[in-house]
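All remarks here apply to the structure that follows.
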Amino acid sequence: ACKAGCHPVHGKCDNPGECNCRPGWRGEFCDQCEPYPGCKHGYCNGSSWQCICDTNWGGILCDQDLNYCGTHEPCLNGGTCENTAPDAYLCTCPEGFSGTNCEVVDNPCAPAPCQHGGTCMEAGGSFSCECAPGWTGPTCTIDIDECASAPCQNGGSCVDLDDAFSCQCPPAWEGNVCQFDADECLTNPCVNAHSCTNLVGDYHCKCRVGWMGKNCDQNINDCVGQCQHGATCIDLVNDYHCACQPGYTGRDCATDIDDCASNPCKNGGECVDQVNGYRCICPVGFTGHECE
Numbered sequence: 011a012c013k014a015g016c017h018p019v020h021g022k023c024d025n026p027g028e029c030n031c032r033p034g035w036r037g038e039f040c041d042q043c044e045p046y047p048g049c050k051h052g053y054c055n056g057s058s059w060q061c062i063c064d065t066n067w068g069g070i071l072c073d074q075d076l077n078y079c080g081t082h083e084p085c086l087n088g089g090t091c092e093n094t095a096p097d098a099y100l101c102t103c104p105e106g107f108s109g110t111n112c113e114v115v116d117n118p119c120a121p122a123p124c125q126h127g128g129t130c131m132e133a134g135g136s137f138s139c140e141c142a143p144g145w146t147g148p149t150c151t152i153d154i155d156e157c158a159s160a161p162c163q164n165g166g167s168c169v170d171l172d173d174a175f176s177c178q179c180p181p182a183w184e185g186n187v188c189q190f191d192a193d194e195c196l197t198n199p200c201v202n203a204h205s206c207t208n209l210v211g212d213y214h215c216k217c218r219v220g221w222m223g224k225n226c227d228q229n230i231n232d233c234v235g236q237c238q239h240g241a242t243c244i245d246l247v248n249d250y251h252c253a254c255q256p257g258y259t260g261r262d263c264a265t266d267i268d269d270c271a272s273n274p275c276k277n278g279g280e281c282v283d284q285v286n287g288y289r290c291i292c293p294v295g296f297t298g299h300e301c302e
């Protein structure tokens with residue numbers, strides 16, 4: 011018996027377990043057809059010795075290119091290709107080119123060699139380019155660096171553009187090349203000030219009384235060393251207020267209140283003033299807080 015699975019018609023065996031293919035068939039089980047010998051761009055489909063051509067191929071052996079233009083793209087320099095017969099084509103060349111494949115350059119300016127708006131000029135079978143502003147090189151492909159001359163002043167950063175440049179100025183400067191001092195007072199930086207004076211790259215605030223700092227936004231502490239005898243100081247704008255401890259008075263709480271001013275001691279007692287109080291020295295025969 012032949013090898014299991016061997017095709018009963020297209021395979022045979024001389025010894026058990028073999029599967030030898032008959033002419034026109036192949037594969038482990040002799041179930042795959044063999045194309046016609048010499049079939050180049052074709053295949054068989056279920057029958058041996060067929061030569062069914064692939065797309066765009068023709069002829070008995072499928073060796074004739076029916077789409078030579080699409081397969082080989084022979085036309086150069088923008089030429090238009092037309093299939094005229096199997097393995098045959100015709101190139102229609104654009105102006106300035108000729109030859110079977112449009113490979114001959116009749117006009118050196120025809121390929122538009124000058125880039126970025128450059129003008130091509132033919133001269134003795136060759137060409138030269140007159141470049142647009144901002145470009146240089148044989149075919150105008152090199153961007154001229156307008157920042158090379160360092161045009162931006164006062165620390166400005168230069169940005170190269172096509173045939174131009176742009177300066178990114180520091181905050182204190184303005185103008186196309188950062189040549190003008192910016193007026194910092196225009197942003198009204200001074201808060202509690204009489205005036206703002208513009209300086210080169212800076213400004214100065216003339217503060218109102220009671221204020222300090224670069225922008226006159228810090229209230230001066232008027233309480234330093236003012237209130238006495240443990241009083242609490244309340245800072246005001248260019249002023250202060252002392253909340254005195256009991257027994258003291260005055261702007262700075264420096265004055266001891268005279269608790270004897272009301273003559274509290276009776277019957278000829280002598281009044282001795284104290285802090286937030288008094289003491290009575292009574293004559294003979296009288297006692298009590300007020301000698302009463």
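All residue numbers for the sequence shown refer to the working numbering, where the first residue is 11 and numbers rise by one. Just so it is clear, CB atoms sit at the ideal spot from N, CA and C, and this is done for glycine as well. Quantities reported herein were computed from a predicted structural model and do not represent experimental measurements.
The shortest CA-to-CA distance from D212 to any of G287, R289 and A182 is the one to A182. If you compare the alpha carbons of T151, F190 and C112 with that of P143, the shortest gap goes to T151. The C-alpha of E92 lies about 59 Å from the C-alpha of V187. Rounded to whole angstroms, R36 and P118 show a C-alpha spacing of 58 Å.
D24 and A11 have their C-alpha atoms some 9 Å from each other. Contact between P123 and C139 holds, with the beta-carbon distance rounding to 7 Å and staying under 8 Å.
Secondary structure at H17: coil, using DSSP grouped into helix, strand and coil.
Contact between the stretch 58 to 69 and the stretch 30 to 46 is established, with three or more Cβ pairs separated by less than 8 Å.
Buried is the label assigned to H20, since at least 16 other Cβ atoms lie within 10 Å of its Cβ. In the same chain as C233, and ignoring 5 residues on each side of it, the C-beta atoms closer than 8 Å to its own belong to C243, I244, D245 and Y250, in chain order.
Straight-line spacing of the CA atoms in A241 and V247 works out to 19 Å. Within its own chain, the residues whose Cβ lies closer than 6 Å to the Cβ of C292, once the five positions on either side in sequence are excluded, are G279 and C301, listed in chain order.
One Cα belongs to N273, the other to G223, and the distance between them is close to 53 Å.
Rounded to the nearest angstrom, the gap between the Cα atoms of K22 and H82 is 45 Å.
Here P45 is buried. Its C-beta has 16 or more other C-beta atoms within 10 Å. Going by beta carbons, D193 and D172 fall outside the 9 Å limit. Excluding its 5 nearest sequence neighbours in each direction, T90 has C-beta neighbours in its own chain below 6 Å: T102, listed in chain order. An exposed status is given to G165, since fewer than 16 other beta-carbon atoms sit within 10 Å of its beta-carbon. Between the C-alpha atoms of G135 and V115 there is a straight-line separation of about 9 Å. For secondary structure counted as the alpha helix (DSSP H) over 4 or more consecutive residues, the stretch 139 to 164 holds no complete run. If you draw a straight line from the Cα of G295 to the Cα of K276, it is about 12 Å long. Inclusion of D269 and Q236 in the CB contact set at 9 Å is not warranted, their separation being larger than that value. Straight across, the Cα-Cα distance linking G220 with N229 is about 6 Å.
Classified as exposed, D64 has fewer than 16 neighbouring CB atoms from the shown chains inside 10 Å of its CB. Rounded to whole angstroms, the separation of the alpha carbons of Q42 and C112 is 46 Å. If you draw a 10 Å sphere on the C-beta of G27, you find fewer than 16 other C-beta atoms in it, and that means exposed. Rounded to whole angstroms, Y78 and C54 show a C-alpha spacing of 24 Å. As summarised for the stretch 212 to 237, the continuous beta strand (DSSP E) elements at least 3 residues long and confined to that stretch are 212 to 217, given in chain order. Taking each of N87, G80 and C49 in turn and checking the Cα distance to C72, the smallest one comes out for C49. By the Cβ-count criterion, F107 is buried, with 16 or more other Cβ atoms from all chains shown falling within 10 Å of its own Cβ.
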